[in-house]
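Trainee:
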Amino acid sequence: MKNIALCFDQSGEQSASGADTNIKALLALLDDSAALTWYHCARKLPVYRRVTAVSEARTAVVEAYNFLRDAWKPGDRIFLFGAGTGGHLAGELANLLGTVGLVPATFDDPLGLVDYALSTYVLPRTPRTISDWHRVSSVTAGLLGDGTSSVLVRFLGLWDATAIPGTHGEPGLLTNVEHGRHAVAIDAPHRVMHHDARLDEVWFRGSHCDVTGGHGACAPLAEIALDWVLDGAVAAGLPARERDFAPGDVEALAGSSPTVGIRRLPFDARVHASVGVYLRSHPKYWRRFPARIEWADTEWSARGERLASAISHTPATEEATREELTAVAS
0 MKNIALCFDQ
10 SGEQSASGAD
20 TNIKALLALL
30 DDSAALTWYH
40 CARKLPVYRR
50 VTAVSEARTA
60 VVEAYNFLRD
70 AWKPGDRIFL
80 FGAGTGGHLA
90 GELANLLGTV
100 GLVPATFDDP
110 LGLVDYALST
120 YVLPRTPRTI
130 SDWHRVSSVT
140 AGLLGDGTSS
150 VLVRFLGLWD
160 ATAIPGTHGE
170 PGLLTNVEHG
180 RHAVAIDAPH
190 RVMHHDARLD
200 EVWFRGSHCD
210 VTGGHGACAP
220 LAEIALDWVL
230 DGAVAAGLPA
240 RERDFAPGDV
250 EALAGSSPTV
260 GIRRLPFDAR
270 VHASVGVYLR
280 SHPKYWRRFP
290 ARIEWADTEW
300 SARGERLASA
310 ISHTPATEEA
320 TREELTAVAS
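Per numbering that gives the first Met the number 0, residue 0 is the first one in the sequence shown, and the count goes up by one each step.
(1) Apply the 10 Å Cβ neighbour rule to arginine 204 and answer buried if 16 or more other Cβ atoms are within range, or exposed otherwise.
(2) Going by other Cβ atoms of all chains shown within 10 Å of its Cβ, with 16 needed for buried, is glutamine 9 buried or exposed?
(3) Under a Cβ-count criterion, where at least 16 other Cβ atoms within 10 Å of its own Cβ denotes burial, should phenylalanine 154 be classed as buried or exposed?
(4) Identify, in the order they occur along the chain, each residue of the same chain with its Cβ nearer than 8 Å to the Cβ of asparagine 94, setting aside the five sequence neighbours on each side.
(5) Return helix, strand or coil for histidine 87, following the three-state DSSP convention.
(6) Less than 8 Å between the CB atoms is what I'm expecting for histidine 271 and tryptophan 202, so what's the real figure, rounded?
(7) Evaluate proline 126 with the Cβ neighbour count: other Cβ atoms within 10 Å of its Cβ, from every protein chain shown; 16 or more gives buried, anything less gives exposed.
(8) Taking 8 Å as the limit between beta carbons, can you name the residues of its chain near leucine 324, skipping five residues before and five after?
(9) Among residues of its own chain, excluding the 5 on either side of valine 121, which ones have a beta-carbon nearer than 7 Å to its beta-carbon?
(10) Which ranges does the alpha helix (DSSP H) cover as unbroken runs of at least 4 residues, wholly within the segment 116–168, from first to last along the chain?
(11) By the 10 Å Cβ neighbour count, where 16 or more other Cβ atoms means buried, how is arginine 124 classified, buried or exposed?
(12) Let me make sure I understand the geometry here. Which of Gly165, Asp248, Ser256 has the alpha-carbon closest to that of aspartate 209?
(13) Taking the beta carbon of isoleucine 3 as the centre, do at least 16 other beta carbons fall within 10 Å, making it buried, or is it exposed?
(14) Measuring alpha carbon to alpha carbon, tell me which residue in Glu241, Thr211, Phe288 is nearest lysine 23.
(15) Glycine 179 lies in the alpha helix (DSSP H); which residues open and close that run?
(16) Compare the Cα-Cα distances from phenylalanine 106 to each of Arg279, Arg302, Asn65 and report the closest residue.
(17) Note down, in chain order, each residue of its chain lying with its Cβ closer than 6 Å to the Cβ of histidine 167, except the 5 sequence neighbours on either side.
(18) How about aspartate 296 and aspartate 195: do their beta carbons lie closer than 9 Å?
(19) How big is the Cα-Cα spacing for serine 130 and alanine 218?
(20) Could you give the DSSP three-state label for cysteine 217: helix, strand or coil?
(21) Looking at the strands, I want to know which residues DSSP matches up with threonine 36.
(22) Cα-Cα, which of Pro265, Asp248, Asp267 is closest to arginine 279?
(23) What distance in whole Å lies between the Cβ atoms of leucine 26 and threonine 36, which are believed to be in contact at a cut-off of 8 Å?
(24) In whole angstroms, what separates the C-alpha of proline 73 from that of phenylalanine 288?
(25) Tell me, please, whether the CB atom of arginine 127 is closer than 9 Å to any CB atom in chain D?
(26) Per DSSP, what kind of secondary structure is isoleucine 261 in: helix, strand or coil?
(27) Tell me the DSSP secondary structure of leucine 252 in three-state form.
(28) Return the residue from the list Arg291, Ser149, Asp114, Gly156 that minimises the CA-CA distance to leucine 88.
(29) Please list, in chain order, all residues of the same chain as arginine 34 whose beta carbon is under 6 Å from its beta carbon, the five residues on each side excluded.
(30) Could you compute how far the alpha carbon of serine 118 sits from the alpha carbon of alanine 140?
(31) If you reduce the DSSP assignment to three classes, tell me which class phenylalanine 288 lands in.
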């Protein structure tokens with residue numbers, strides 16, 4: 000069994016200088032010997048070139064799918080990650096794996112049915128109904144001679160997923176996703192993509208880039224969103240190296256917020272507990288929220304405290320050991 004992680008970064012980050020996106024930060028933490036990785040970052044195109052942007056996005060999903068056709072074997076675990084518009088692509092790939100499944104690269108397909116399915120159902124030009132997805136799933140299962148074509152996604156991690164301009168932007172079925180987390184920005188201008196209950200959707204303070212990380216982001220806020228999604232992925236079995244830093248109250252108080260709320264949070268929204276730290280110092284920020292919310296990840300600061308404790312004790316222990324050895328030698 001092997002772990003396969005496919006990452007779709009937000010557009011325009013391949014040439015941006017400065018802080019890494021959360022996608023790149025996550026990739027840097029993966030153990031290369033225990034995980035096979037694939038990465039994509041789209042070009043940032045002007046709005047009037049949206050047709051080209053959609054075409055390139057469709058190509059990226061197909062390339063990721065073909066990568067899995069070559070690499071995946073039954074029993075392998077698939078982890079998908081996406082930030083910004085890359086979150087749209089990660090969701091599209093998850094939906095594709097749940098409906099079309101993974102047709103082996105060695106499959107004899109003289110009629111080109113696989114290519115037809117990919118061109119028709121990856122970022123479809125017109126909205127697809129649930130019956131449409133069930134139909135393509137049945138056809139693929141019949142081709143493979145199997146009772147089901149669905150391939151499980153072990154974990155789907157998203158940072159403020161937004162629709163690609165020029166698409167209908169509605170997420171497909173995610174019945175094959177075992178675990179998932181979606182970090183959503185409270186203060187962003189873009190319309191966020193909401194997924195079904197299979198993804199734990201939690202709201203974080205900050206703008207779009209403050210949650211996705213990268214150019215223009217408030218790094219401490221991006222760290223909080225990274226920590227939460229990474230925590231879920233590791234719990235699902237992602238082989239990541241332990242970080243030497245975990246955010247705490249200081250990071251929760253970083254940055255500033257717009258004076259007027261931009262996104263409307265749903266009633267009973269799940270809000271990350273780090274926002275509560277900020278609210279105690281900035282009570283006017285309560286205006287962003289509906290009448291009732293639910294606090295999520297209430298133990299978040301404990302992760303940082305445990306790490307800080309481990310780090311603070313290690314050097315002291317090593318120093319004490321050196322002193323003892325010196326005393327013995329003398």
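Using N, Cα and C, we set each Cβ at its ideal position, and we do this for glycine too.
Mentor: Short version:
(1) The residue in question, arginine 204, is buried, as its Cβ has 16 or more Cβ neighbours within 10 Å.
(2) buried
(3) buried
(4) Trp132, Pro170, Gly171, Leu172, Leu173
(5) helix
(6) 7 Å
(7) Around the beta-carbon of proline 126, fewer than 16 other beta-carbon atoms lie within 10 Å, marking it exposed.
(8) Any answer about leucine 324 is weak, because its pLDDT of 33 lies below 50 and its placement is not dependable; what the coordinates show is given next. There are no such residues.
(9) Arg57, Val60, Val61, Glu91, Leu95
(10) Within the segment 116–168, the complete alpha helix (DSSP H) runs of at least 4 residues are 129–143.
(11) Arginine 124 should be labelled exposed.
(12) Ranking the options by Cα distance to aspartate 209, first place goes to Ser256.
(13) buried
(14) Answer by Cα proximity: Thr211.
(15) Looking at the DSSP string, glycine 179 is not in any alpha helix (DSSP H); the run it does join, the beta strand (DSSP E), is 176–184.
(16) Phenylalanine 106 has its Cα closest to that of Asn65, out of Arg279, Arg302, Asn65.
(17) Excluding its 5 nearest sequence neighbours in each direction, histidine 167 has C-beta neighbours in its own chain below 6 Å: Pro126, listed in chain order.
(18) no
(19) 43 Å
(20) coil
(21) According to DSSP, which records beta bridges pairwise, threonine 36 is partnered with Ala4.
(22) Asp248
(23) Their Cβ separation, rounded to whole angstroms, is 6 Å, which keeps threonine 36 and leucine 26 in contact under 8 Å.
(24) 44 Å
(25) The structure shown contains no chain D; it is built from a single protein chain.
(26) coil
(27) coil
(28) Gly156
(29) Sequence check: residue 34 is alanine here, not arginine. Result list for alanine 34: Asn2, Ala4, Pro238, in chain order.
(30) 18 Å
(31) coil
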